[in-house]
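Residues -11 to 938 (the working numbering) are what the sequence shown spells out, left to right.
Structure first, then comments.
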Amino acid sequence: MTKTFTCCIFFSLLMVAFICPVMAQTNKGTEFYTAYMANIRGVTTSNSCQMSLYITSDVSTSGSITIADGSFSQSFSVTANQVTTVTMPQTAFLEREGQYLKGIHITSALPIVVYAHIYAQAVSGATLLLPVSTMAKDYYSINYTQRSNEANCYSSFAVVATEDTTTVEITPTATLNSGHAANSPFTITMQKGEVYQGLSAADLTGTRIRSVSKGLNVCKKIAVFGGSSKIYIGTGTNNSADNLFQQTYPTASWGKNYITAPLNNRPYDVYRVVVSDPSTKVTLNGSVLSTASLINNFYYEFNSTISNVISADKPVQVVQYAVTQTSLNNATSTDLGDPEMIYLNPIEQIINNVTLYSPTAFRILQSYINVIISAAAAPSFRIDGAAPATSFKPVPGNSAYMYGQFPVSSGTHNINASDGFNAIAYGFGNAESYGYSAGTNLKNLNEFLQIRNTAGDSVASACVGQDLKLQITIPYKTIQLIWTPQNGDPAFTDNNPTLISETVKDNKPLYTYAYPKSLVYKTVGNYNVKVKAFNSIADACGSYEDLDIALIVYDNPVASFTAKNSTCQSDTLTFTDKSTGAIIKTWAWNFGDGTTSSVQNPIHQYAKSGDFIATLLVTNSNGCISALDSQKIHIYTKPVAKFVVSDPDCATKAITLTDQSTSAEGKITQWNWIFGDGTTQILISNAPFQHVYQTAGNYILKLVTTTDLGCRSDTLKIPVVVHPLPVPDFVLPKVCISDAFAIFTDKSSISDHTESGFTYLWNFGDAAANAGNPNTSTQKNPQHKYTNAAEYTVKLTVTSKDGCVADTSFKFTVNGATPKADFTVLNPNDLCSKQAVMIRNTSTLDFGNLTKVVLYYDYTNHPDQFEIDDNPTTDKLYSHHYPVFNTPATVNYTVLMRTYSGASCVDEKMQVITLKANPQIVVTLPNQVCAEVAAFQIDAKEVNGYAGTG
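Below you can see the structure in the form of structure tokens.
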């Protein structure tokens, strides 16, 4: 017998990237088969169906597509991470049941991913194609109850032979259109590329399709597809319908644990749990399903609107169905969608990174991605590099997992997480839908081949010259293994294989054997490594079981990079990767200064100067390591900024800055000064220069120097305290030549109130000064004897405690010694007691200015009452009010004026003035006066006897 190890990863339609191949073969491959299956629209109507192939890869490559009868051949090329579309000829369409030499064969030079899409208006179905290396020999068709809104619509399956003389046994669960009876197996012999399509008016779910041995012809791999030419799913009336088209998963890839998530914005979903053994115990949300509800001894079916937890004690396959639009009688216009069939992936077969495409065809209005993920990994989940806008929800009945329903726009989307997850991509429009698994592993969990590298990791690809280990795991002991490594070594028959491990899985023993030789591939290529294992218990495929695994061998990557060969200390240096080879995954940089990086294009900063050897080692996705690439990097020593500042530093006064910077490599050509007061200055010379701070305060003065090599120094920062200037001020004395001294009074101040720390220097401006009567003084309030009446300039210089100096000067007059007091009284003959007496100053001085006038208005009676004027001027008027009186007729007052030109230089004048009394009038009025009386006389008189007119 022959059984084939199957191991692949299932991607969604139009995926633009790939799941990383870590432990097993993936859906990437170099050889595929498919068929243009029945569709209600056919190929002869105005609305004919169409079949397109979508081809993508993570590397640029080329290939060809042929139809087995030779009627069509087309070459194609694909650019890495892009999609190439190839339209298939209508001659490949399989309209009826039967056997046709119309298999579609796709091959490529390097691994690709292929999707097939059969569509017309209002009917569309698509599937991911599985490469030949992952195909198996035993399948069950999974379809759905066949009902449609049109006649002549059928449940369908198709099987494609990958090798000549392939014998296929088919056991349909319903009578086929050709007359093959339900549950009656029949066999057909097929040549490479030949297709057999089965059609039935009834559901073909459970139809077993397997490759069997016949005579000397052993079992061979086949591809199986299932679907419907048009179908509706649901319970409502006036149903729309759609075609179904999916490549079937091998039975050996089924799992035991599933979690489902409802399709977004749909009334409900339909599920089928398919069993290969009717005795399988299936649990739904914690409750064991009764075997009485097992339909056709093959599947359980239920409807659901929630997330479900499904487990079984033997492998099962769970399928989720989208229902027809308006599948409920009370459905509203917001219920959009159409039938779709999605094979769900078990928890045992998970992915952690995939890029998928959410299409707009056919008339899709909204796309979604459903994700099942462990609660621990959920926070790390990303869509297009960002956390999803909506949150994950806990799975009822299994707190270790969560599910998400994420709306997405049309186009390409990448989803990834720190740990594995399962996902489906789907979308709905008006009577339109699409849906498919976003990715899965499809490995046989009980019998498989593994190729391991020296680190012990299981790999699906390797590099030329890499040491590998080949192992086989099977559920029985064997006495013979025939190894065909296809690396140029002949097939090796091991009649005494060495058992290296024995484990138990699901209460069944598993035995692992190792290829006893070193496995090395010397040339690039795609290899199909095969092992034939002898099983003492024969089945329909005989006593030998064939297992194979695809291995892609790449050239070792070549490390290469570019970087400037010299730069400045502490400047950033960009290293640009120029390595070549198949999908480089890691970069190991060593910058030669004790630091490393794993970034593809790092930016590095050398902290020290000198010569360094930078190296790069790259590893591709297959774990192959390049040779070391290296480059010498010279790091220039950066200049050292240094300067000194003059002292003291005082506001509004220039300070001198003297550069003392040095450079070990290159000449300093620029000095960038930052003064800390909002001003800067860039100089091209190191000559001393000056700067003025306008206000006192604390400043950080900075200097950055630059050499002709472009190297900049570290910023030198020096704190500078700018002290306030004193504000000199003093009071001028009023002196005459006869005064003993002129005494000057200091009024100087400073903003920090440190006046007690002042020192003084006075210059009295006296040319006649001598040693006994010096012209200067350092006292706070000095005195000086002037010998000549003249005008002098007195200067005061004040120095603060911090050494800040300021000065001020005032003009100063030493007045003459002989002032002449004099004044005149205005209108002296008519002075009334009720009016102010006005006195004009007419005093004179031989030189200088009068310094003071003192007026006594009643010197005889009140010598203690006077008025002082410290700023007298010639002709200045003084006003004084005497007490008002009515009698006697006159009163005399003595007015005295003293006039000063200094403290000791004084003259006075005395004058008597006469003030007249104010008259007093008495008016006599009648007691009563009537308004109508004639005019009458009012009498008035002055009571003190003064004459006059009124």
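Beta carbons: idealized from backbone N, C-alpha and C, even for Gly.
Next item on the list: Give me the Cα-Cα distance between V120 and T18, rounded to the nearest whole angstrom.
Entry: 8 angstroms
Check: Three or more beta-carbon pairs under 8 angstroms between the stretch 197 to 207 and the stretch 278 to 291, yes or no?
Finding: no
Next item on the list: Take T683 and list the residues in its own chain whose beta-carbon comes closer than 7 angstroms to its own, dropping the five residues that flank it on each side.
Entry: A639
Check: Looking at C-alpha atoms only, which residue of F677, S701, N660 is the closest neighbour of I670?
Finding: N660
Check: Helix or strand or just coil, what does DSSP make of E138?
Finding: coil
Notebook entry, point to check: Going along the chain, which residues of its own chain have a beta-carbon closer than 7 angstroms to the beta-carbon of T875, five neighbours each way excluded?
Noted result: A905, N932
Notebook entry, point to check: Taking three-plus beta-carbon pairs below 8 angstroms as touching, is the stretch 836 to 850 in contact with the stretch 915 to 932?
Noted result: no
Note to self: Taking contact to mean 3 or more Cβ pairs, one atom from each stretch, closer than 8 angstroms, check whether the stretch 820 to 827 and the stretch 855 to 870 are in contact.
What the structure shows: yes
Next item on the list: Report the three-state DSSP secondary structure of E896 (helix, strand or coil).
Entry: strand
Check: Do R440 and C556 come within 8 angstroms of each other at the CB atom, strictly closer than that value?
Finding: no
Note to self: Starting from L645, trace the beta strand (DSSP E) in both directions and tell me its first and last residue.
What the structure shows: 642 to 647
Check: Any idea what DSSP makes of N317, helix, strand or coil?
Finding: The predicted model places N317 with a pLDDT of 46, which falls under 50 and marks its position as unreliable; any figure quoted below should be read in that light. It is coil, neither helix nor strand.
Next item on the list: Would you give the residue range spanned by the beta strand (DSSP E) that N608 belongs to?
Entry: 598 to 608
Checklist line | CB-CB length for F732 against F718, believed under 8 angstroms | finding: 5 angstroms
Check: Buried or exposed: T562, going by 16 or more other Cβ atoms within 10 Å of its Cβ?
Finding: exposed
Check: Using CA coordinates, which residue listed in Q474, I412, A300 is at the minimum distance from S506?
Finding: Q474
Next item on the list: Hey, could you find the ends of the beta strand (DSSP E) T236 is sitting in?
Entry: That residue, T236, is in no beta strand (DSSP E); it is neither H nor E in DSSP.
Item checked: Outcome for A595 when other beta-carbon atoms lying within 10 angstroms are tallied against a minimum of 16 -> exposed
Checklist line | Limits of the beta strand (DSSP E) - the one that E920 falls within | finding: That residue, E920, is in no beta strand (DSSP E); it is neither H nor E in DSSP.
Item checked: Those residues which DSSP pairs with G530 across a bridge -> D527
Note to self: Taking the alpha-carbon of Y24 as reference, which of T79, T668, L344 has the nearest alpha-carbon?
What the structure shows: T79
Item checked: Sufficient close CB pairs (3 or more, under 8 angstroms) joining the stretch 789 to 800 to the stretch 706 to 724 -> yes
Check: Around the C-beta of V517, are 16 or more other C-beta atoms found within 10 angstroms, so that it is buried, or is it exposed?
Finding: buried
Notebook entry, point to check: For T667, which three-state DSSP category applies?
Noted result: coil
Notebook entry, point to check: Cβ of G666 within 8 angstroms of Cβ of Y687?
Noted result: no
Item checked: Segment contact flag, the stretch 52 to 64 with the stretch 108 to 119, C-beta cutoff 8 angstroms, min 3 pairs -> no
Next item on the list: Tell me, please, whether the stretch 650 to 660 touches the stretch 607 to 620 by the rule of three or more beta-carbon pairs shorter than 8 angstroms.
Entry: no
Notebook entry, point to check: Taking Cβ to Cβ, would you say S144 is nearer than 8 angstroms to S45?
Noted result: no
Margin query: I need the boundaries of the beta strand (DSSP E) containing M178, first residue and last residue.
Written below: 174 to 178
Next item on the list: In angstroms with no decimal places, state the Cα-to-Cα distance between A190 and P173.
Entry: 17 angstroms
Notebook entry, point to check: What is the DSSP secondary structure of A992, counted as helix, strand or coil?
Noted result: Here the chain comprises residues numbered -11 to 938, so residue 992 is not present and cannot be evaluated.
Notebook entry, point to check: Are the stretch 718 to 729 and the stretch 879 to 896 in contact at 8 angstroms, needing three or more beta carbon pairs?
Noted result: yes
Next item on the list: Express the C-alpha separation of Y220 and S188 in angstroms, rounding to a whole number.
Entry: 15 angstroms
Next item on the list: With DSSP collapsed to three states, give me the class of Q78.
Entry: helix
Next item on the list: Report, in whole angstroms, the separation of the C-beta atoms of H93 and Y21, which I expect to be a contact under 8 angstroms.
Entry: 6 angstroms
Checklist line | Where the beta strand (DSSP E) through P99 begins and ends | finding: 92 to 108
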